[in-house]
DNA sequence: CTGACTTTGTGCAAACGTTCACAAGGGCGT
DNA sequence: ACGCCCTTGTGAACGTTTGCACAAAGTCAG
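Chains as they are written, first to last, in the working numbering: chain G, -11 to 252; chain X, -11 to 252.
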């Protein structure tokens, strides 16, 4: 999906599919660390991340041998190694273009800052928005793209504009020196080779869900595994680490360290 | 990614990878239709969608033989067939839980309605937001989840809450009868088998970009194909369908029907 | 120090996805 | 009606990803 010459792990190593899962593992590791857990087995970590444990071990083995046989992985050490591999030990200035609802949501999203992504600037071309404060940032004019990118050595750009402006913004980002782009606009961006584009399309995901929902509706509806689910839910609500002193939260469980249902 | 018993195209047909691309083709087809193009070859459509043409043909062949050899595909007919396969010819009521910036962005997103997704309700548990108007919808209390789902026969739920509430919201949606969930919260949801979950994680995409950016920075930087790019850009800006009467847009090109750079 | 037990790391085979290359098939000019 | 040319649809080769199953390697009790 927008790799240029990808022999997957031809030259240096890590398969693309693995790279895509590392952030998930990292999130699970942070959650474990927050709960004060120092060591974790591949089985447990895999459950937290919602993947098969063999897959997790193979994935981690691409980074090196950071586990201890018979014991598991040291959470803190693994956090460091995964972060390092993903390039999160350095600071990544990010410019967000488009300060509509989506741009605003992105600017306010805590998950950015906590992973080393610093918002270098929030830009918009609507003069009614330029100058306002959003999440501690003053919205600047989209005319400043080149200035911002060069001044702050930005290499990652986020496009959160309406579709018609997206290609133009993209061109300007690229011309200014940005080589990684995260595109939220529902169009296919045209970029020179050497520039990495990833897209997130809200409606595409919904359409995929609709496809499966329709499949289910047409085929016999096998009822959403009633018994099994009751059981799992009970386990999650009640049996939260017997000797654990977790404070009861007002709404909802903890930070999501349970396994995704994978079924058979 | 959260399939239950997925032999991919074991029983009825279409591989998962193909399903994930159909919405992209559909978008490209709509863009072509808007430009008044009645017929398109696999080569052109593939370019518009940013994929290999052989892949496109194989993907479409899973739906049936809707092309004409020597000619191409009829745009309108293909739009219909793809829509039908994706289940977009029916109306899908969707409930959005969480009316923060993200929920607001989703509610305002035009790409929903235009694909048959109707917002059944917008819910939040913050009493300061409940009752306000967002995109023609009055925000209702999150306590109404069960009522809304049952009254309007909602089968798709969108979770746009902060992470701590997500699992609880998910449980309630599922208990109320929702079987498809789109999750924006950065946690792995636990659901019974039979429920389909897709996740969109903004920071994960950024982390993947960071990984590649770091790779590029470490290896020799081969300069983003200067010459080739200038050429492509010129072609895009100037050579817009010679005899085409497209009105000049204030900002940016058209709806993105150009090829993604794929490189070698 | 030894031996039982646990968990990692990995060889291998099967499943899945992508791409090439071309035969089959249909339009169109003559 | 014929044959040329263009484009689809697909068989086959190749690369990637997954998951099993197990040997290697470490811990820990006695």
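Just so it is clear, CB atoms sit at the ideal spot from N, CA and C, and this is done for glycine as well. Computed from a predicted model, the values in this text were never measured in an experiment.
- Distance between residue 16 of chain X and residue 82 of chain G, taken at the CA atoms: about 29 Å.
- Taken atom to atom, the span from the alpha-carbon of residue 38 of chain G to that of residue 176 of chain X is near 7 Å.
- Chain G has a Cβ within less than 8 Å of the Cβ of residue 195 of chain X.
- In chain order, 195, 196, 198, 199 and 202 make up the part of chain G whose C-beta sits under 9 Å from the C-beta of residue 74 of chain X.
- Selection X/204, X/19, X/199 and X/165 evaluated against residue 152 of chain G yields X/19 as nearest (Cα-Cα).
- Beta-bridge partners assigned by DSSP to residue 125 of chain X: X/122.
- For residue 11 of chain X, the uninterrupted alpha helix (DSSP H) run begins and ends at 4 to 22, by DSSP.
- A direct Cα-Cα distance of roughly 22 Å separates residue 56 of chain G from residue 74 of chain G.
- For residue 143 of chain G, the CB contacts under 8 Å within the same chain, skipping 5 residues up- and downstream, are 80, 81, 165, 166, 167 and 168 in chain order.
- Taking the beta carbon of residue 8 of chain X as reference, the chain G residues within 8 Å of it are 192 and 196, listed in sequence order.
- In the DSSP assignment, residue 99 of chain G falls within the unbroken alpha helix (DSSP H) covering 98 to 101.
- Nearest to residue 50 of chain G by alpha-carbon distance, out of G/22, G/26 and G/5, is G/5.
- When beta bridges are read from the DSSP output, residue 110 of chain G appears opposite G/84.
- Residue 170 of chain G has G/146 and G/186 as its beta-bridge partners, per DSSP.
- Secondary structure in the region 25 to 66 of chain G: the beta strand (DSSP E) runs of 3 residues or longer, each lying completely within the stretch, are 60 to 62 in chain order.
- By the Cβ-count criterion, residue 72 of chain G is exposed, with fewer than 16 other Cβ atoms from all chains shown falling within 10 Å of its own Cβ.
- In the DSSP assignment, residue 133 of chain X falls within the unbroken alpha helix (DSSP H) covering 133 to 139.
- Of the residues assessed, residue 33 of chain G falls on the buried side of the cut-off, its CB having 16 or more other CB atoms within 10 angstroms.
- Looking at the DSSP output, residue 105 of chain G sits in a beta bridge with G/80.
- Across the structure, residue 88 of chain G and residue 63 of chain X are spaced so that their CA atoms are roughly 33 Å apart.
- Judged by their CB atoms, residue 111 of chain X and residue 146 of chain X are not nearer to each other than the 8 Å cut-off.
- When the five nearest sequence neighbours on each side are left out, the beta carbons in the same chain lying within less than 6 Å of the beta carbon of residue 127 of chain X are those of 87, 110, 112, 117, 118 and 120, in order along the chain.
- Closest in alpha carbon position to residue 27 of chain G, among G/66, G/140 and G/11, is G/66.
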